[in-house]
Amino acid sequence: MAKSHESEESYPVEWETPDCPLCGSDRWRLRMRAGDLLHRTRGCFQLVECRDCRHVYVSPRPTRESISRFYPQDYAPHTPRGGRGGTASTPPGGGAATFPAWYLSRPIRLVPGLRRLYHWLRESYGEIMPPLDAPGRRALELGCAGGRFLEMLRGAGWQAEGIEPASAPAAEARQLGFRVHHGAFEPGLFADNSFDAVFAWMVLEHLHDPLGTLDEIQRILKPAGWLVFSVPNWGCWEPAVFGRYWYCLQPPIHLHQFTPRSLRRILAQAGYRDVRVIHQHNVFNLLGSLGLWLRTAFPQRRLGPR
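Following the working numbering, the numbering of the sequence shown begins with 1083 at its first residue and continues without gaps.
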């Protein structure tokens, strides 16, 4: 059931208390209360764990109509690229516009090679591409942002198009010559068996109905088609160590926290076969989590944002 909440900005935000989005159970326990320390969103949000399938999700949560109000104006995937700016295929949470710069501040930036290492870590995400056995295969990217990964697909011989909910990056991708649908990924946008591959870099955790989205992707994929996507890993050691300072927490825009076990379960439920989970060694999230802790613990120090 949804309820209205009047925020400090004097616009109504609709909230809902969902059953488990993966298994439908109404039994849960509280895991933590936390805010979005990365984007400094006002409010504290509950992360609960389903007592039946152990999926962790935000509840109560903003409705589909209200969730956009919790994305900051400088949310990196929604901003112009400007050279090395963020896209949906940059690390979770965005690019330069949202990453705290404490580890590139003086005197840390004087360490030889650190800046190069920083950019290498930034660019090591979201570029897994299935082999192309024939030119002109169709590919769709959900959350294509300004089109950087679409450019990579086109360069590799794919016929690429995208879906992007934010208007500015959607327009930017169109300027690069791509067909881009501005809006949400809704049922019925595409015919059955339309695509040879669908990509979604750090998208699934933002969706109100991830299982429904996987079902729809299954419908539009051709037989033997590929679904390639990435999500933060709640099952790794970082959430246990960093708690509310974990870089990938980001409630309420990250509505879900997936584990390899929960992903395999919902993929099987949606009819996917030959599932492979790849674990990426992510030093960037470690640095980001340390940065959020430092920024909170020492807000006036020079290592904090300026």
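Glycine is no exception: its CB is placed at the ideal position from the N, C-alpha and C atoms.
Counting every other CB atom within 10 Å of its CB across the protein chains shown gives T1378 a total below 16, marking it as exposed.
Assignment of R1377 by DSSP, reduced to helix, strand and coil, places it in the helix class.
If you draw a straight line from the Cα of Q1128 to the Cα of P1159, it comes to about 25 Å. Classified as exposed, H1361 has fewer than 16 neighbouring CB atoms from the shown chains inside 10 Å of its CB. The C-beta distance from P1334 to P1144 rounds to 6 Å, short enough to fall under 8 Å. According to DSSP, Y1139 shares a beta bridge with V1130, H1338. With a beta-carbon spacing of about 3 Å, T1341 and G1317 fall inside the 8 Å limit used to define contacts. Minimum Cα-Cα distance from L1235 among the listed residues L1331, T1099, R1219 corresponds to R1219. DSSP lists F1277 as the bridge partner or partners of L1303. Contact between D1274 and I1302 holds, since their C-beta atoms are separated by about 7 Å, short of 8 Å.
Annotation: R1347 to E1096 spans about 30 Å, alpha carbon to alpha carbon. By the Cβ neighbour-count rule, P1314 is buried, with 16 or more other Cβ atoms within 10 Å of its own. L1337 and F1281 have their alpha carbons spaced roughly 19 Å apart. Spanning the alpha carbons of E1223 and A1350 requires a straight line of approximately 21 Å. In the DSSP assignment, V1262 forms a beta bridge with G1244.
Annotation for H1288: I1335, H1336, L1337 place their beta carbon closer than 7 Å to its own, counting only its chain and skipping 5 residues before and after. Apart from sequence neighbours up to five positions away, the residues of its chain that approach Y1329 with a beta-carbon distance below 6 Å are N1367, G1370, S1371, ordered along the chain. Short of 7 Å from the beta carbon of F1152, and not among the five residues preceding or following it, lie these beta carbons of its own chain, in chain order: T1123, P1144, P1334, I1335.
Annotation: the continuous alpha helix (DSSP H) that includes M1234 extends over 1230–1237.
In the structure shown, P1144 falls within a strand segment according to DSSP collapsed to helix, strand and coil. Ranked by Cα distance from S1344, the options R1136, D1156, I1245, P1269 are led by R1136. Counting C-beta atoms within 10 angstroms of its own C-beta, D1215 has fewer than 16 neighbours from the protein chains shown and is therefore classed as exposed. In this structure, DSSP gives L1214 a state outside helix and strand, which the three-state scheme calls coil. Counting along the chain, no beta strand (DSSP E) covers V1313, and no H or E run does either. Contact annotation: R1146 and V1130 have beta-carbon atoms that are not nearer than 8 Å. When DSSP states are grouped into helix, strand and coil, V1359 belongs to the coil group.
Taking C-alpha positions only, V1140 is separated from Y1354 by approximately 26 Å.
Between V1262 and G1244, the C-beta gap is smaller than 8 Å, which places the two residues in contact.
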